[in-house]
Every structure is written in structure tokens, then in C-alpha cells.
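S.K.:
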Amino acid sequence: MSAVTDAVRVTAPGNPLGRSIRDSLVVAKRNLIRMARIPEVVIFGLIQPIMFVVLFSYVFGGSMDIGGSTSPQVYREFLMAGIFAQTVTFATAGAGAGIAEDMHKGLIDRFRSLPMARGAVLTGRTLADMVQTALTLLVLAVVALLVGWRTHTSAGEVLGAFGLLLLTGYAFTWIGAVIGLSVRTPEAATSGGLVWLFPVTFVSNAFVDSSNMTPWLRHIADWNPFSATVQACRELFGNPGVSTSDAWPMQHPVWASLIYSVLIIAFFRTLAVRKYRSAAA
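Per the UniProt record's numbering, the sequence shown starts with residue 1, numbered consecutively.
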């Protein structure tokens, strides 16, 4: 806490935007140090996506029809964009629980007493969560390569896909922040974070070809922001699963993913900061 206090004393004067950025980085550093001191949080966060990779690859690998092929290798390459996207969005539940825990323990009240930018506490927390998500994606990519996943495009396009994934994860983390500020306990934040994530991730093109869904369900899946990111990553990775849908997000998935992410950040960050300020009143 002394590091935060010292930093705030230094950054209190000056440009408000610059002060907000510096305060956010200080809070992000505090959360990263905390994560480093509790490595089991990161380790347990890796177990679920790794299990999904192994289970889906080998259990469903030979039974899924992707573009007329039931090859396990084709399904593994089709699957991985969905697993990557699911991993970054499921980090939302942890973000919400972390904010709820800080609120429950009174840590947020201590931050409020400091002369720091109001949005810095939340921005710092979400930035730290994005760093953790990036580390998780790195490990997950190595596991995916071990089970047979491959990319077929340039290094720039592959990096662009991972950039989209991190942006989507960061956007969804702000939804978790709103949930964390709206509930009373970390347990409630975890439950509330998972309730809506399962339909968002499974009513999508992540694990099955949406063209095999009933028309009304396919329409929902095609306009799902999660599906846009998955489809964009498949195109940037050069993996199978080219959509035949006429829906605009499926025809222009990279732009759709960017637009969805920006809109989610703009709306839910504004809502989260307002909730933070009203709670401080």
C-alpha cells in the first residue's frame, strides 16, 4: 500500500490524463505482484483450458463434420480458435471475483481515500488481468501445438489474432468489473460471472459449425460477439471453418470483433466507473 501512496503523492499534480495513466499502472503493478506471490491462482487458471483442449481434441475429434471432413486433425485446428477465445472470456469471472473480494475486505475504501484518478483502480485491475490472460494464452498455445494445432498464415497475422483475443478478453473483463461491483461477496461474483458466459461461449461457432444449428439459433450464434472473434482468429490463423453465413459479422469478422470489443469497453467501463463512484459517495 505504501508504494501506491507514494506514487499517488508524486502524480497528484499535472495533466489529469497522464495522472490517470500513471495511477492505473501503479495499481496494475500492485495486482501483478500479488499474482506472483500467489502462483496457484495462475496455475489453476491454466488447468481448465488445457483440459478443454485435450478432451475436445481427442473425445470429439473424429466425430465432428467440419467442411465435409471428419478428420481429427481438421477438428483440432477448427477447435483451437474457440478454446483460445473461451479462455480469455472466462477470465471475466476471476476479474469480477477479485474486485468483489477487494470491496469485501475494504481495500477499495482505502484506495478511495487517496488522491488518485477514480477509474485507475478498475483500469489497473483489468490491465493486470490482461497480463495474466496473455501468459495463459502463451502456455495454451504450446499445449495446442503439442496436440497437433498448426497455423498456415504469416507471423503478423498470427500475432494479430492473439491481439484480437486479448482485446476481446479485456473488453469482457469490464463486464466482470461491473458484476464485481454489483454483488456483495466474491462467491456471488464468480457465480454471476459464469452464468452468462456459458450461453455466450456455447451458443457460438466455437466448438461446432454454426451452419448445423437450427435457423434461429444459428442467427444468434452468427451475431454473437464471441463468434466474431472466433471466426476472425480462424481466418488469421488459416484454420478450417470458413463461414457460409450471410451475417455481416461472419463476412467481416476482424472488423466485427474490433467494433464489438470497443463498444463493450466503452459501455461497461463507463458503467463500472459510475458504480465505483456511487459506492464511494
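Glycine included, each C-beta is placed from N, C-alpha and C at the ideal position. This structure is a prediction, so every number in the text was calculated from the model and none was measured.
#1: With a cut-off of 8 Å, do at least 3 Cβ pairs link the region 93-105 to the region 48-61?
#2: Can you give me the C-alpha to C-alpha distance between Gly-18 and Met-116, rounded to a whole angstrom?
#3: Specify the secondary structure class of Ile-38 as computed by DSSP and reduced to three states.
#4: What's the gap between the Cα of Met-80 and the Cα of Trp-149?
#5: Excluding the 5 residues preceding and the 5 following Phe-172 in the sequence, name in chain order all residues of the same chain whose CB lies nearer than 6 Å to its CB.
#6: Tell me which same chain residues have a C-beta within less than 8 Å of the C-beta of Phe-237, skipping the five on either side of it?
#7: For Gln-251, which option in Arg-234, Val-27, Ser-182 and Val-121 has the closest C-alpha, if you only look at C-alpha atoms?
#8: Please report the distance separating the alpha-carbon of Leu-181 from that of Gly-192.
#9: Taking Ala-228 and Pro-249 to be in contact with their CB atoms under 8 Å, please state how far apart those CB atoms are, rounded to whole angstroms.
#10: Given that a residue counts as buried once 16 or more other Cβ atoms are within 10 Å of its Cβ, and exposed if not, what is Gly-163?
#11: Tell me which residues share the same chain as Ser-257 and place their Cβ nearer than 6 Å to its Cβ, disregarding the 5 neighbours each side in the sequence.
#12: Report yes if the CB atom of Phe-226 is closer than 7 Å to the CB atom of Thr-201, and no otherwise.
#13: Throw me the rounded Cβ distance for the Val-262 and Gly-119 pair, which I believe falls under 8 Å.
#14: Name the two residues that bound the continuous alpha helix (DSSP H) containing Arg-76.
#15: What does the alpha-carbon distance come out to for the pair Ala-97 and Thr-185?
#16: Identify, in the order they occur along the chain, each residue of the same chain with its Cβ nearer than 8 Å to the Cβ of Ala-188, setting aside the five sequence neighbours on each side.
#17: Could you compute how far the alpha carbon of Val-42 sits from the alpha carbon of Gln-132?
#18: Less than 7 Å between C-beta atoms, sequence neighbours within five positions excluded: which residues of the same chain meet that for Thr-123?
#19: Please check the pair Thr-136 and Thr-87, which I expect to be a contact at CB under 8 Å, by giving their CB distance rounded to whole angstroms.
#20: What three-state label does DSSP hand Thr-151 in the structure shown?
M.R.: Reading it off the structure:
#1: no
#2: Taking the sequence shown and counting its residues from 1, one reaches residue 18 at position 18. Taking the sequence shown and counting its residues from 1, one reaches residue 116 at position 116. When rounded, the distance between both Cα atoms is 11 Å.
#3: Numbered from its first residue, the sequence shown carries residue 38 at position 38. Ile-38: coil per DSSP, three-state reduction.
#4: The sequence position of residue 80 within the sequence shown is 80, counting from 1. The sequence position of residue 149 within the sequence shown is 149, counting from 1. Taking the straight line from one Cα to the other gives about 7 Å.
#5: Your numbering for residue 172 matches position 172 in the sequence shown. Cβ within range, chain order: Thr-89 and Thr-92.
#6: Taking the first residue of the sequence shown as 1, we reach residue 237 at position 237. Closer than 8 Å at Cβ, skipping near neighbours: Glu-77, Met-80, Ala-81, Thr-151, His-152, Thr-153, Glu-157, Val-158 and Ala-161.
#7: Taking the first residue of the sequence shown as position 1, residue 251 is located at position 251. For the residues Arg-234, Val-27, Ser-182 and Val-121, the minimum Cα distance to Gln-251 belongs to Arg-234.
#8: Taking the first residue of the sequence shown as 1, we reach residue 181 at position 181. Taking the first residue of the sequence shown as 1, we reach residue 192 at position 192. When rounded, the distance between both Cα atoms is 12 Å.
#9: One-based indexing of the sequence shown puts residue 228 at position 228. One-based indexing of the sequence shown puts residue 249 at position 249. Yes, Ala-228 and Pro-249 are in contact; Cβ-Cβ is about 4 Å, under 8 Å.
#10: Your numbering for residue 163 matches position 163 in the sequence shown. Per the 10 Å Cβ criterion, exposed.
#11: Numbered from 1 along the sequence shown, position 257 holds the residue referred to as residue 257. Within the same chain, and ignoring the five residues on either side of Ser-257 in sequence, the residues whose Cβ sits closer than 6 Å to its Cβ are Leu-164, Ala-228, Thr-229 and Ala-232.
#12: Your numbering for residue 226 matches position 226 in the sequence shown. Your numbering for residue 201 matches position 201 in the sequence shown. Their beta carbons are under 7 Å apart, which means Phe-226 touches Thr-201 by this criterion.
#13: Here residue 262 refers to the residue found at position 262 of the sequence shown. Here residue 119 refers to the residue found at position 119 of the sequence shown. With a Cβ gap of about 17 Å, Val-262 and Gly-119 do not count as contacting.
#14: Locating residue 76 in the sequence shown gives position 76, where the first residue counts as 1. It spans 72-105 - the alpha helix (DSSP H) in which Arg-76 sits, taken as one unbroken run.
#15: The residue given as residue 97 occupies position 97 in the sequence shown. The residue given as residue 185 occupies position 185 in the sequence shown. So the alpha carbons of these two residues sit roughly 8 Å apart.
#16: Numbered from its first residue, the sequence shown carries residue 188 at position 188. Around Ala-188: Ala-100.
#17: Within the sequence shown, residue 42 is the residue found at index 42, counting from 1. Within the sequence shown, residue 132 is the residue found at index 132, counting from 1. Taking the straight line joining both Cα atoms gives about 7 Å.
#18: As a working note, residue 123 is residue 123 in the sequence shown. Answer for Thr-123: Ser-24, listed in chain order.
#19: Within the sequence shown, numbered from 1, the residue matching residue 136 stands at position 136. Within the sequence shown, numbered from 1, the residue matching residue 87 stands at position 87. 6 Å between Cβ atoms; contact.
#20: Residue 151 sits at position 151 when you count from the first residue of the sequence shown. Three-state result, Thr-151: coil.
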